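Peer 1: Protein sequences, first through last, are from chains X and G. Here the first sequence is numbered in the working numbering, starting from 153 and rising by one per residue. Here the second sequence is numbered in the working numbering, starting from 6 and rising by one per residue. Yeah, the Cβ is synthetic: ideal placement off N, Cα and C, and Gly gets one too. Since the structure is predicted, the reported quantities are computational estimates derived from the model, not experimental observations. First, the structure itself, so that you have it in front of you.
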Amino acid sequence: MANIAKGSDGSELVATSDKRLSGKELGTAVVTTDSFENPGLPPHRQRVTDTDPRRLARAARIVAWLFYLSIAGSLFTIFAYMFFPIEDGDTTSLRLSTLYIGLGSAFALLAIGIAAVHWGKAVMADKEGVDERHPVRGTPATRERAIEIFKEADEESGFSRRTVIRNGMIGAFIAFPLPAIALFRGLAPMEVDPNNELKHTFWKEGLRLTRDPTGVAIKASDLTIGSSVHVIPEGLAELPEHEKLDAKAKAAVLLVRLKPEDLNWTSDKRKSWSYDGIVAYSKICTHVGCPVALYEQQTHHLLCPCHQSQFDISNECAVIFGPAARPLPQLPITVDAEGYLVALSDFEEPVGPSFWEREK
Amino acid sequence: MSQKPDSNRKSGRRSPLAIILLVAIGLITTGAAYAMASSATASAEVDLSSPEVIDEGAKLFAANCATCHGLQAQGTENGPSLIGVGAASVDFQVGTGRMPMQANSPQAPVKPVQFTDAQVQALAAYVASLGPGPSIPSASMLTGGDVAHGGELFRINCAMCHNVAGAGGALTEGKYAPTLDNSAAVHVYEAMLSGPQNMPVFNDLNLTPTEKKDIIAYLEYQKANPSPGGLELGSLGPVSEGLFLWIFGVGAIIGLTIWITAKSN
């Protein structure tokens with residue numbers, strides 16, 4: 153047995169010197185033997201419904217009853233629709249209606265399925281047979297005939313010969329999806345430049361920072377250390393509902409107050425965008441635009457709930473974890489003569505996720 | 006003679022309705038007594054400015070808190086200064102069992118309260134005497150809010166961390182926003198006022214006392230009204246719902262497949 157080695161696939165490599173296999177003299181070639189033997193088909197086992205006629209009759213009865221139950225389920229669904237109507241403004245009626253209609257139709261369909269399977273398994277004849285798999289490759293005659301058919305079709309349709317028709321067809325196929333690209337333009341606002349829309353928000357110089365949703369202006373003295381306020385620009389709360397939501401989706405801002413010494417700035421310009429430890433950052437995540445507002449007042453971290461991007465407010469909202477690519481844009485703010493917080497300008501960079509024409 | 010008392014019993018004392026009535030009376034009496042007792046403790050106004058109470062609080066502070074917060078509550082490297090945090094902060098932190106903290110961890114968890122109500126009040130009185138800060142809200146500031154308005158405010162200011170149903174959620178590095186299902190109204194109010202741990206501060210200029218009352222009304226409504234959609238699975242959203250479907254939905258499909266392909270016996 154010393155000259156039998158295990159192959160990497162588990163088969164045994166047997167040297168041809170083994171006379172049991174080849175009956176020839178010593179050589180270097182190896183042949184593989186399959187250690188796994190085809191166990192063949194297991195012996196046929198009869199079901200209880202094959203041996204006991206009473207069990208067979210019982211199974212047949214169950215199958216029939218399941219079909220009747222399904223009919224009952226369908227009827228129940230109709231009655232549920234009639235007797236539990238959905239009434240306007242009544243959530244209980246909606247709940248009952250959907251519950252009973254759902255239960256009834258689920259029961260009706262499930263009973264059909266179970267009956268069909270049980271019929272097939274317990275009542276229908278149980279014969280085992282073997283169908284040999286035929287080879288995938290056709291006979292040479294079939295293969296030749298297939299090629300002939302292709303040639304004939306080409307000849308008769310003139311696909312290769314009539315190049316004008318053929319090229320016209322290929323061109324038509326290519327041109328067909330092109331209108332979709334033009335139609336996609338219709339998804340963006342038509343009367344304005346969508347590129348510009350992405351780059352600017354509702355904020356502009358002199359707009360007061362106001363509370364979401366009331367639109368009450370915020371004074372710098374309203375904020376204590378550790379405060380966080382959800383902010384919309386002055387005038388946004390008065391917009392019609394649809395425009396308000398459109399504008400809010402870009403202009404939402406989180407206003408927080410830290411100790412001024414906890415804030416690190418890369419430039420005096422950025423520092424001048426804050427007021428006495430009060431900073432305002434866009435709430436729209438630079439990853440895919442979820443609202444980032446999970447603010448931890450001691451670590452000064454902002455967490456985006458969608459994909460766990462984390463921003464560090466004390467370091468100009470730098471990304472410290474997660475898939476976001478850029479810091480959250482800072483809204484430049486200051487106070488006006490009456491002590492209210494006002495925006496110095498719009499955001500200096502586009503808010504939210506990347507888009508094609510974004511410069512950086 | 007022997008017949009008469011028997012029939013009396015049957016007609017009166019042995020009636021099953023009488024037992025139900027008796028149980029109902031018992032439950033109502035104990036319930037009412039409990040409600041009175043608990044409202045009595047809530048409204049037991051201790052004078053937080055009395056020198057005796059402050060003195061008692063100072064002793065408790067020195068014995069239980071000073072190790073981390075310093076003998077004068079000035080703060081050490083293990084704990085922040087408590088000067089100016091106010092009585093509300095102490096009542097929240099000690100009254101929910103978060104303080105004294107058991108171990109240094111990302112966040113102080115809720116645990117059984119370590120002090121009696123009177124002791125918590127004394128501690129609050131002592132810390133409040135160190136510097137002006139938010140005080141404990143009175144019972145009248147906690148009830149009668151507008152549920153719908155409270156819901157809107159909750160969704161804007163609180164739901165991002167505490168979950169729209171108040172079920173809580175994860176924050177960064179082991180911290181979390183706790184569930185509000187078991188929070189007492191007074192503690193919710195104090196948390197908004199004081200901004201415990203990593204929660205931002207919502208002072209009275211940001212959320213007015215009326216707005217705080219509305220938020221509490223919304224939370225109380227959430228507690229009292231079960232989800233109209235049926236089993237809420239902890240209101241945790243895709244995690245618990247996905248897990249439920251994976252285990253029971255896919256489990257049922259696997260079970261059916263095995264049944265369909267197995268040979269009938």
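What are the residues of the region 202 to 228 of chain G that lie near chain X, defined by any Cβ-Cβ distance shorter than 8 angstroms?
Peer 2: From the region 202 to 228 of chain G, only Q202, N203, M204, P205, V206, F207, N208, L210 and N211 have a Cβ closer than 8 angstroms to chain X.
Peer 1: Please decide whether S269/G counts as near chain X, where near means a Cβ-Cβ distance under 8 angstroms.
Peer 2: In the second sequence, counting from the first residue as 1, residue 269/G sits at position 264. Output row for S269/G: interface = yes.
Peer 1: Report all residues from its chain with a CB closer than 6 angstroms to the CB of I472/X; omit the five preceding and five following residues, and keep chain order.
Peer 2: For the purposes of this step, residue 472/X is taken as residue 320 along the first sequence, with counting starting at 1. Closer than 6 angstroms at the Cβ level, and outside the excluded window around I472/X, lie Q462 and D464.
Peer 1: Strictly below 7 angstroms CB to CB, what residues from chain G border N374/X?
Peer 2: As a first step, residue 374/X is located in the first sequence; it is residue number 222 there, counting from the start. Looking at the sequence itself, residue 374/X is Asp, so the reference to Asn does not match. Those within 7 angstroms of D374/X in chain G are L210 and N211.
Peer 1: Given A470/X, which residues of its chain have a CB within under 6 angstroms of its CB, disregarding the five upstream and five downstream residues?
Peer 2: Locating residue 470/X in the first sequence gives position 318, where the first residue counts as 1. Correct list, in chain order: D464 and P479.
Peer 1: Below 8 angstroms, can you find three or more Cβ-Cβ pairs linking the region 235 to 250 of chain X to the region 286 to 294 of chain X?
Peer 2: No, because fewer than three Cβ pairs between the region 235 to 250 of chain X and the region 286 to 294 of chain X fall closer than 8 angstroms, the two stretches do not touch.
Peer 1: Taking Cβ-Cβ distances below 7 angstroms as the criterion, which residues of the region 174 to 195 of chain G are in contact with chain X?
Peer 2: From the region 174 to 195 of chain G, only L176, T177 and K180 have a Cβ closer than 7 angstroms to chain X.
Peer 1: In the DSSP assignment, the beta strand (DSSP E) including I430/X goes from what residue to what residue?
Peer 2: As a position in the first sequence, residue 430/X is number 278, starting the count at 1. I430 to S434 is the span of the beta strand (DSSP E), which, as asked, contains I430/X.
Peer 1: When burial is assigned at 16 or more other CB atoms within 10 Å of the CB, is L251/X buried or exposed?
Peer 2: Locating residue 251/X in the first sequence gives position 99, counting from the first residue. Answer is exposed; the Cβ neighbour count stays below 16.
Peer 1: Of all Cβ atoms in chain X, is any one closer than 8 angstroms to the Cβ of P231/G?
Peer 2: For the purposes of this step, residue 231/G is identified with residue 226 of the second sequence, where counting begins at 1. No, P231/G does not count as interfacial toward chain X.
Peer 1: Please decide whether K273/X counts as near chain G, where near means a Cβ-Cβ distance under 8 angstroms.
Peer 2: Taking the first residue of the first sequence as position 1, residue 273/X is located at position 121. At least one chain G Cβ lies under 8 angstroms of K273/X.
Peer 1: Mapping DSSP to helix, strand and coil, what is E500/X?
Peer 2: Along the first sequence, one-based indexing puts residue 500/X at 348. Three-state result, E500/X: coil.
Peer 1: So, are the CB atoms of G429/X and L410/X less than 8 angstroms apart?
Peer 2: Counting from one through the first sequence, the residue named residue 429/X turns up at place 277. Counting from one through the first sequence, the residue named residue 410/X turns up at place 258. Yes, they are a contact pair.
Peer 1: Given a cut-off of 8 angstroms, decide if A404/X and C437/X are closer than it, judged by their beta-carbon atoms.
Peer 2: Looking up residue 437/X in the first sequence gives position 285. Looking up residue 404/X in the first sequence gives position 252. Their beta carbons are not under 8 angstroms apart, which means C437/X does not touch A404/X by this criterion.
Peer 1: Taking C-beta to C-beta, are P142/G and Y194/G nearer than 8 angstroms?
Peer 2: Translated into the one-based positions of the second sequence, residue 142/G becomes position 137. Translated into the one-based positions of the second sequence, residue 194/G becomes position 189. Yes, Cβ-Cβ distance for P142/G and Y194/G is below 8 angstroms.
Peer 1: Identify each residue in the region 185 to 204 of chain X for which the Cβ-Cβ distance to at least one residue of chain G is less than 8 angstroms, and report them in chain order.
Peer 2: Of all residues in the region 185 to 204 of chain X, R197, R199, V200 and T201 have a Cβ within less than 8 angstroms of some Cβ in chain G.
Peer 1: Below 8 angstroms between beta carbons: does that hold for A189/G and V132/G?
Peer 2: In the second sequence, the residue the question calls residue 189/G occupies position 184. In the second sequence, the residue the question calls residue 132/G occupies position 127. Going by C-beta atoms, A189/G is not nearer than 8 angstroms to V132/G.
Peer 1: Mind checking if T180/X is an interface residue toward chain G, Cβ cutoff 8 angstroms exclusive?
Peer 2: Translated into the one-based positions of the first sequence, residue 180/X becomes position 28. For T180/X, the answer is no, since every Cβ of chain G falls outside 8 angstroms of its Cβ.
Peer 1: Examine chain G for any beta-carbon lying closer than 8 angstroms to the beta-carbon of S380/X, and answer yes or no.
Peer 2: Walking along the first sequence from the start, residue 380/X turns up at place 228. Cβ-Cβ to chain G under 8 angstroms: yes for S380/X.
Peer 1: Three or more C-beta pairs under 8 angstroms: does that hold for the region 415 to 430 of chain X against the region 366 to 376 of chain X?
Peer 2: In short, these stretches touch, since the Cβ pair count reaches three.
Peer 1: By the criterion of Cβ-Cβ separation under 7 angstroms, what are the contact partners of C166/G in chain X?
Peer 2: Within the second sequence, numbered from 1, the residue matching residue 166/G stands at position 161. Correct list: L446.
Peer 1: Cutting at 8 angstroms between CB atoms, please list the residues of its own chain near R160/G, excluding the five before and the five after it.
Peer 2: For this step, residue 160/G is matched to residue 155 along the second sequence. Here the set comprises V169.
Peer 1: Measure the CB-CB distance between D414/X and H452/X and report whether it falls below 8 angstroms.
Peer 2: Translated into positions along the first sequence, residue 414/X becomes position 262. Translated into positions along the first sequence, residue 452/X becomes position 300. Going by C-beta atoms, D414/X is nearer than 8 angstroms to H452/X.
Peer 1: Mark D364/X as exposed unless 16 or more other C-beta atoms lie within 10 angstroms of its C-beta, in which case mark it buried.
Peer 2: Numbered from its first residue, the first sequence carries residue 364/X at position 212. It is buried - the Cβ of D364/X has at least 16 other Cβ atoms within 10 Å.
Peer 1: Ignore the nearest five residues each way along the sequence and tell me which others in A49/G's own chain have a CB closer than 7 angstroms to its CB.
Peer 2: Taking the first residue of the second sequence as position 1, residue 49/G is located at position 44. With a pLDDT of 49 at A49/G, under the threshold of 50, the predicted position of this residue should be treated as unreliable, though the coordinate-derived value follows. The answer is none, since no qualifying residue turns up.
Peer 1: I want to see whether chain G comes within less than 8 angstroms of T438/X, judged by CB atoms only; does it?
Peer 2: In the first sequence, the residue the question calls residue 438/X occupies position 286. No, no contact with chain G.
Peer 1: In whole angstroms, what separates the C-alpha of G256/G from that of N190/X?
Peer 2: Taking the second sequence and counting its residues from 1, the one referred to as residue 256/G is at position 251. Taking the first sequence and counting its residues from 1, the one referred to as residue 190/X is at position 38. Their Cα atoms are separated by approximately 33 angstroms.
Peer 1: With H, G and I counted as helix, E and B as strand and the rest as coil, what does DSSP make of H439/X?
Peer 2: Stepping through the first sequence from its first residue, residue 439/X is reached at position 287. In the structure shown, H439/X sits in coil (DSSP, three-state: anything other than H, G, I, E or B).
Peer 1: Could you compute how far the alpha carbon of P443/X sits from the alpha carbon of G367/X?
Peer 2: The count along the first sequence starts at 1 and reaches residue 443/X at position 291. The count along the first sequence starts at 1 and reaches residue 367/X at position 215. Between P443/X and G367/X, the C-alpha separation is close to 19 angstroms.
Peer 1: Counting Cβ pairs closer than 8 angstroms, one from the region 344 to 355 of chain X and one from the region 122 to 140 of chain G, do we hit at least three?
Peer 2: As far as the Cβ criterion goes, the region 344 to 355 of chain X does not touch the region 122 to 140 of chain G, which means the pair count is below three.
Peer 1: May I ask which residues mark the beginning and end of the beta strand (DSSP E) holding T362/X?
Peer 2: Here the question's residue 362/X lines up with position 210 in the first sequence. From DSSP, the beta strand (DSSP E) with T362/X extends over L361 to R363.
Peer 1: Determine the contact status of S379/X and N162/G, defining contact as a CB-CB distance below 8 angstroms.
Peer 2: Here residue 379/X refers to the residue found at position 227 when the first sequence is read from its first residue. Here residue 162/G refers to the residue found at position 157 when the second sequence is read from its first residue. No, the Cβ-Cβ distance between S379/X and N162/G is not below 8 angstroms.
Peer 1: Residue range of the beta strand (DSSP E) that R289/X falls in?
Peer 2: As a working mapping, residue 289/X is identified with position 137 in the first sequence. Element bounds for R289/X: n/a, residue is neither H nor E.
Peer 1: Is the region 18 to 34 of chain G in contact with the region 95 to 103 of chain G, if contact means three or more CB pairs nearer than 8 angstroms?
Peer 2: In short, these stretches do not touch, since the Cβ pair count stays below three.
Peer 1: Output the residue ranges of the alpha helix (DSSP H) runs that lie fully inside the region 379 to 423 of chain X and measure 4 residues or longer, sorted by chain position.
Peer 2: Listed in chain order, the complete alpha helix (DSSP H) runs (minimum 4 residues) inside the region 379 to 423 of chain X are 393 to 403 and 420 to 423.
Peer 1: Taking buried to mean at least 16 other C-beta atoms within 10 Å of its own C-beta, is P176/G buried or exposed?
Peer 2: Within the second sequence, numbered from 1, the residue matching residue 176/G stands at position 171. Sequence inspection shows Leu at residue 176/G; the Pro mentioned does not correspond to that position. So L176/G ends up on the buried side.
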